[in-house]
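Sequential numbering of the sequence shown, starting at 0, is according to numbering that gives the first Met the number 0.
As structure tokens, the structure follows; a few thoughts come after it.
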Amino acid sequence: MRNDKMNKDKDKLSDKELKEKMDFDRFIRDYKPEKSYRSWKFYVGILVIVVFAIGVYWVTREDPEKTGPEKTNQGEACIQPPIQGIDIPFSMFEVDASRDTALRYSSGSLLHIPAGAFLDLNGKPIKGRVTISYREMHDAADFFVSGIPMNYDSAGQTYGFESAGMFQINAMLNSEQVYANPDVMIHVDLTSDVPGNRFNIYYLDTSARKWVYLREDVINPPTIKTANYTAFLQELKPPVKATSGVPRFDIAFDKKEFPELAAYVGVSFQVSEDEGAYDPKLAMKEWDNVKVQRLSDGIHYMITFSNPGEVHTFKVQPVYNGSDYTRARFLYEKKVKEYEQNLSKLKPVKSRKDSAGDQQKQTIEQGEAQAGKGKPGSDKWETPANMVFREFAVNRFGIWNSDCPQPQPIGKKILARFTDSNKKTQNFSRVYLTEKGNRTMYTYQASSFPAFAYNPASSNIVWAVTSDNKLTVFGPEGFEKLKNDKDSSVFIMGAGKSVHSVMEIKKLLGIRDYIDN
């Protein structure tokens, strides 16, 4: 330790003396840094740290040859099945990547896979037999078991998804991941017994851990019913002949977004007769933006012309005139005939075992659907009366959802506490809430227990998973005993029950299976 002497009683400098001493230029010029003496141990320590850092880099760095689209595992934490050993199983289908194929899932959903729908890591079309893994989720029990998040954040507010149906689709070739071709898309017609046009299409971005809104949902009622099976034509619609004297116009449109309009040559848009404000001069004018929107009736479209300060919207119908109509009609009749022939070629479902998990797999390759438009069914399946098909154009593999965001339940907001029958606190990381007759599942993290909300007028069910992997349920009877005039409530949860299947969970939660088998 240095033994420097300090003169604490020295007279203070005057202002004049301070100014004379403040010559910084001379200070910098005369400054000589002190020599730093470091021991050899210091430099050895620095060397060790550098060698260690280099070693960590080489051990943890990613091999660029092993990375690529969708090959990282960053998104796996987004999907967390809450009960160990239970999940929604995948069905496996084998298809020839060079052929148009139609597949039917056990729920009745239809998958239309055109030739060239699969790409390798380098973006080149794949040839050979591709294995498709596919599963669906339709109710709160399915959503819960899958571990797929059902919350949607918008404008700083969190919503719960009311789902009309959700599916996950992936594909492999010889244990290597393949990718969807955005130019030759797979079409999925998802069965749904939830009516209404209030739903939208969302895709789950597992890397960003959020749902991405894509577009409004489109539904189609099942048609072309034959004996014991149901099928329909989705993209190929019968052409409509133009009406003489009724205004019509031609516009460019996105053929990928509206493939049904690209099925024939020479389509025009005929203005609906109830659009009295239409002026033919509008079609001759240049517009900054022309928007095409498909209406839910499956027949009409809304066309919007817009410039800054000027917007016009008209209801129209696609039509064909003269030789264009003749050619379109001939092509439609030809396709219908091919479609009917494909129905007669349906093969029975084959089964095989999954060598990895000894899980039952189904391989269904049914006929050769023309351009993915034929929708083969099965003589063992028939559409329920209230069933509709919801359309998905799959430009990437992953999880797709038909959803309507719902706000948190309105009626009662409390500080929620969870205990067992002995009044011992249950430290759940999250609990789940649904209302009977509603397909919305709300997930409450432990941090949101102070703002737990539910509707006392509904039949509510709350459940959680215990630390020993059991399911504990607080049902409508328990809610009836809660005192709704208080700002806090204690949910007395049972010890929990061991469950071994999705159907057991549905029974405990009082949720009817989506489709009774």
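Where a beta carbon is used, it is the ideal one built from N, C-alpha and C, also for glycine.
On a predicted model such as this, the values are computed, not experimentally measured, just so you know.
Each residue's CA atom was taken as its position, placing Leu414 and Leu432 some 15 Å apart.
The beta carbons of Ala96 and Ile125 sit closer together than 9 Å.
Inter-segment contact for the stretch 254–262 and the stretch 308–315 is absent: fewer than three beta-carbon pairs are separated by less than 8 Å. In this structure, Met91 sits near Tyr133, with a CB-CB distance shorter than 9 Å. Counting along the chain, Ile504 sits inside no beta strand (DSSP E); it lies in the alpha helix (DSSP H) bounded by residues 501–508. By the 16-neighbour rule on beta-carbons within 10 angstroms, Pro237 is exposed. A contact between stretches requires three or more CB pairs, one per stretch, nearer than 8 Å, and the stretch 165–177 fails this requirement with the stretch 406–420. A residue is called buried once 16 or more other Cβ atoms fall within 10 Å of its Cβ, and Pro148 is buried on that count.
The stretch 489–504 and the stretch 98–115 do not touch, with fewer than 3 CB-CB distances between them shorter than 8 Å. Counted as a single uninterrupted DSSP element, the stretch harbouring Lys435 is not any beta strand (DSSP E), since DSSP gives it neither H nor E.
One Cα belongs to Arg326, the other to Asp216, and the distance between them is close to 31 Å. Beta bridge pairing from DSSP links Pro317 with Phe268.
When the five nearest sequence neighbours on each side are left out, the beta carbons in the same chain lying within less than 7 Å of the beta carbon of Thr465 are those of Thr471, Gly495, in order along the chain. DSSP places Glu93 in the uninterrupted beta strand (DSSP E) bounded by 90–95.
The C-alpha of Ile460 is placed about 6 Å away from the C-alpha of Phe473. The beta carbon of Tyr202 lies closer than 8 Å to those of Trp210, Val211, Leu213, Arg395, Gly397, Ile398, Trp399, Asn400 in the same chain, with the five residues before and after it left out. A buried status is given to Asn180, since no fewer than 16 other beta-carbon atoms sit within 10 Å of its beta-carbon.
In its chain, beyond the 5 residues on either side, Asp138, Ala139, Ala140 have a beta carbon closer than 7 Å to the beta carbon of Ile510. According to the DSSP assignment, Ala139 belongs to the alpha helix (DSSP H) that extends over 139–145.
DSSP places Met283 in the helix class (H, G or I) of the three-state scheme.
The beta-carbon separation of Glu161 and Asn454, rounded to 14 Å, does not stay under the 8 Å limit for a contact. When DSSP states are grouped into helix, strand and coil, Lys496 belongs to the strand group. In the structure shown, Gly244 adopts coil according to DSSP, grouped into three states.
Residue burial annotation: Gln444 is exposed, with fewer than 16 other C-beta atoms found within 10 angstroms of its C-beta. Exposure of Gly127 is indicated by the presence of fewer than 16 other C-beta atoms within 10 angstroms of its C-beta. For Glu476, the enclosing alpha helix (DSSP H) begins and ends at 475–480. Each residue's CA atom was taken as its position, placing Ser305 and Pro88 some 48 Å apart. Annotated three-state conformation of Arg328 is helix, per DSSP.
Straight-line spacing of the CA atoms in Val270 and Ala170 works out to 43 Å. Each residue's CA atom was taken as its position, placing Ala456 and Arg197 some 23 Å apart. In the DSSP assignment, Gly397 falls within the beta strand (DSSP E) that extends over 397–405. Linking Lys336 to Gly159 through their CA atoms gives a straight-line distance of about 45 Å.
Rounded to the nearest whole angstrom, the CA to CA distance from Asp486 to Thr418 is 17 Å. The beta-bridge partner set that DSSP reports for Lys290 consists of Thr303.
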